[in-house]
Amino acid sequence: MTRTLRIAVRKFGPFETAIAKQFADFVAATGTDAVIEAVAMDLNPLHQAAIGDRGLATGDWDVAFMATDWLAEAHADGLLEDLSPHLARAPIADFPDAWSPSLTTMQRFAGGFWGMPYHDGPECLVYRRDLLDAAGIAVPTTWDEFHAAARALHRPEQEQYGTVLALFPDGHNSFYDFCIHIWSRGGEPFDAAGRPAFTSPQAHAALDFLRTLAADTGAIAPGARALDSVKSGLLFAEGKVALMANWFGFAAYADTAADSQVKGLVDVAPLPAGPGGRSVSLNVFWVLTIGAGSRNKQLAWDFLRHCATAPMDKLTTTEGAIGVRKSTWADAEVNALVPYYHRLDWLHEHAREMPLTPKLADISHIVDAMLTAAVTTDTPTAELLAAAQAEAEAAL
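Each residue of the sequence shown is one higher than the last, beginning at 12 in this note's numbering.
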């Protein structure tokens with residue numbers, strides 16, 4: 012009897028095409044009598060379907076794409092299958108040595124291993140090399156230089172915007188931007204115990220910078236509050252953004268997508284630093300998880316093993332997402348398409364991670380609300396930070 016594997020997918024074209032091709036290859040290679048039902052969802056609906064509605068526990072989903080930030084919450088609710096016994100029963104020959112340690116440790120906690128790495132790409136500076144060169148602008152190394160470059164390259168009459176912010180309140184980019192700006196100014200958004208620390212001078216400077224940039228119509232693409240990370244990345248690929256702080260994957264997408272307007276014109280660099288700080292990246296990545304309530308766990312694991320092979324990881328990349336194996340990062344064909352691919356090793360060495368807490372998604376939405384208030388009201392920065400701090404502490 013043909014079995015159906017239901018997969019909850021993060022809505023992003025390369026994810027959707029890659030997972031379909033990988034399953035077709037899995038069936039062809041193994042002769043397995045199975046099909047997939049892959050449902051693509053934006054971030055909030057995906058979180059709701061897999062975690063909020065307990066779809067991974069009820070058997071609604073056999074496999075789900077999951078951001079590493081969500082793993083502690085999903086584990087605390089008993090939604091995830093521990094992959095350790097599956098690794099012991101049917102191991103992956105070169106695991107974990109063929110992966111960077113930063114991609115195999117975040118999901119290893121509470122005595123288990125909760126997700127196979129699938130899509131990577133820390134945050135970095137993504138920019139149009141041609142535009143900076145033509146204007147004689149050096150690659151920005153500070154946030155003030157970044158803002159100045161965005162203003163200098165802003166041409167709204169030509170639908171060319173200096174930069175873009177993804178302020179859609181989905182617990183993703185605006186939260187990460189806030190944390191990166193604190194780190195890059197020498198501060199810490201969370202203390203050693205993982206509790207929020209949103210009222211420091213560095214946090215004040217971070218929020219001030221973001222709300223100033225968001226309000227600068229001479230530097231930024233319009234409609235930031237309606238843009239999520241994917242839409243901002245697609246705007247860059249359309250040739251409408253000169254430079255942005257965003258995920259490495261959107262640089263690679265802009266250099267590989269069939270309809271990209273900027274192929275061969277893209278480059279990446281470390282994120283700028285703030286006063287008193289240094290360049291910092293952020294390591295949040297996508298894993299494939301198996302639902303605790305799945306009735307197809309062995310099939311699901313066999314498919315995850317197949318996705319983890321070198322050819323399938325490279326396929327993830329050639330479809331426009333970011334593979335997670337070292338072999339893909341060093342692949343000559345991949346680096347011919349995307350000349351900066353090998354820099355993923357460097358980015359990982361300078362990347363920070365979020366604390367392991369089941370309440371991280373709640374905290375991210377609190378920060379989202381704070382950013383929304385920052386760009387839509389005149390409420391003083393200190394007041395916004397204090398309110399977010401109090402609300403985050405209450406959530407814990």
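Don't be surprised by glycine CBs; every beta carbon is placed ideally from N, CA and C.
Please classify residue i: does DSSP put it in a helix, a strand, or coil?
i	result
residue 63	helix
residue 390	coil
residue 280	strand
residue 210	coil
residue 383	helix
residue 129	strand
residue 91	strand
residue 401	helix
residue 153	strand
residue 68	helix
Among the options, which one has its Cα closest to the Cα of residue i?
i	options	result
residue 86	388, 367, 396	367
residue 349	369, 103, 283, 260	260
residue 408	187, 28, 143, 147	An answer regarding residue 408 cannot be provided, because it is not within the stretch 12 to 407 covered by the chain.
residue 277	251, 302, 285, 119	251
residue 140	254, 24, 94, 400	254
residue 155	44, 125, 183, 282	282
residue 321	274, 40, 334	334
residue 370	407, 379, 393	407
residue 111	59, 136, 400, 353	353
residue 146	162, 136, 152	162
residue 387	332, 223, 264	223
residue 309	88, 92, 244	92
residue 229	67, 168, 329, 272	168
residue 360	12, 37, 62, 133	133
residue 21	340, 69, 53	53
Would the beta-carbon of residue i fall within 9 Å of that of residue j?
i	j	result
residue 179	residue 262	no
residue 201	residue 365	yes
residue 284	residue 211	no
residue 226	residue 189	no
residue 347	residue 377	no
residue 129	residue 298	yes
residue 49	residue 34	yes
residue 314	residue 74	yes
residue 177	residue 274	no
residue 221	residue 385	yes
residue 51	residue 15	no
residue 79	residue 126	yes
Quickly, what does DSSP pair residue i with across the bridge? List them, please.
i	result
residue 190	In DSSP, residue 190 forms no bridge with anything.
residue 18	49, 74
residue 300	75
residue 258	134
residue 171	166
residue 378	According to DSSP, which records beta bridges pairwise, residue 378 is partnered with nothing at all.
residue 252	172
residue 100	Bridge partners of residue 100: none, in fact.
residue 110	336
### Runs of alpha helix (DSSP H) wholly within the region 291–349 (minimum 4 residues, chain order)
308–318, 321–329, 337–341, 343–348
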